[in-house]
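Numbering (the numbering used here), first residue to last: 274 to 538. C-beta: ideal position from N, C-alpha, C; glycine also.
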């Protein structure tokens, strides 16, 4: 590409910032548009058909307005439900976010892996198919968290959240005898892009150390591959932050690091 590419990153809320951060690091030459569909957040509180009916036409409006070269669906729920519909409806390339079950099971030494996601993501057939195809003999525990995404949004927005609230969502991921490191859970898949926002807290509160699998670096590599080589002559481009509720984000200093230091429009 001879011009600065435009990358649109879409999520139900602020969780996709964890994906954006990795993509910006991989593609500093791009202009970024981050869209948080906060008017419909959290997606886990809506039915599958409602989410499809919401996201497909909304994406058409966003593509028409911003003319992106590539769209990242930085949301497991939207990706597992809507990605095929988006690819059928629009010609722009889409990169989705799906539970990183294959690399987690390949890495696990104890063969006990947990997938921590929203209730919708863990019950979806798409997720179960990933386990059938890629579990490689691992025992996979699916943990549907009703509140962790909302807790992550609250903390990022500067509101305190308690260790107890986080631990209640986290503890079902830890299966086996805490004293037996050879047979207990050793790998946890973060199957919601909000959850890496709380990674420091998750590490502190975990009953024992585990590998936390965040798909964001792999997504960034895929985005860069699709866009082609970096244009070294392009200076850092700009960034826009859009909430579908039309509210002002008021989080400038908090959000800037996710955008690689860019000033937000």
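- The beta carbon of residue 298 sits closer than 8 Å to those of 493, 533, all from its chain and outside the five residues before and after it, given in chain order.
- Nearest to residue 477 by C-alpha distance, out of 464, 440, 462, 452, is 440.
- Bridge pairing for residue 418: 391 [DSSP].
- Closest option to residue 486, judged by alpha-carbon separation, among 475, 495, 496: 475.
- In terms of Cα proximity to residue 429, the closest of 469, 338, 344 is 469.
- For residue 484, the uninterrupted beta strand (DSSP E) run begins and ends at 484-486, by DSSP.
- With respect to the 8 Å criterion, residue 329 and residue 287 are not classified as neighbours on the basis of their beta carbons.
- Collapsing the DSSP output to three states places residue 282 in a strand.
- Counting along the chain, no beta strand (DSSP E) covers residue 371, and no H or E run does either.
- Between the stretch 304-316 and the stretch 361-375, the count of Cβ pairs shorter than 8 Å is below three; the stretches do not touch.
- Here residue 394 is near residue 464, since their CB atoms are less than 8 Å apart.
- For the options 391, 333, 368, 387, the alpha carbon positioned closest to that of residue 350 is the one of 391.
- A residue is called buried when at least 16 other Cβ atoms come within 10 angstroms of its Cβ; residue 295 meets this threshold and is buried.
- The C-beta separation of residue 383 from residue 457 comes to about 6 Å, placing the pair in contact by the 8 Å criterion.
- Per DSSP, residue 407 lies in no beta strand (DSSP E); the unbroken alpha helix (DSSP H) holding it starts and ends at 398-407.
- In the structure shown, the three-state DSSP call for residue 516 is strand.
- Taking every protein chain shown into account, the CB of residue 353 has 16 or more other CB atoms within 10 angstroms, so this residue is buried.
- Going by C-alpha positions, residue 373 is about 11 Å away from residue 387.
- When the Cα atoms are used, residue 472 and residue 293 turn out to be separated by approximately 16 Å.
- In this structure, the straight-line span from the alpha carbon of residue 515 to that of residue 413 is close to 37 Å.
- The alpha-carbon separation between residue 405 and residue 511 amounts to approximately 42 Å.
- Residue 344: member of the beta strand (DSSP E) spanning 343-346, first to last residue.
- In this chain, the alpha helix (DSSP H) harbouring residue 358 covers 349-362.
- DSSP places residue 537 in the strand class (E or B) of the three-state scheme.
- Note that the C-beta distance between residue 376 and residue 281 is not below 8 Å.
- Cβ neighbours of residue 425 within its own chain (closer than 8 Å, five residues either side excluded): 287, 288, 467, 468, 470, 471.
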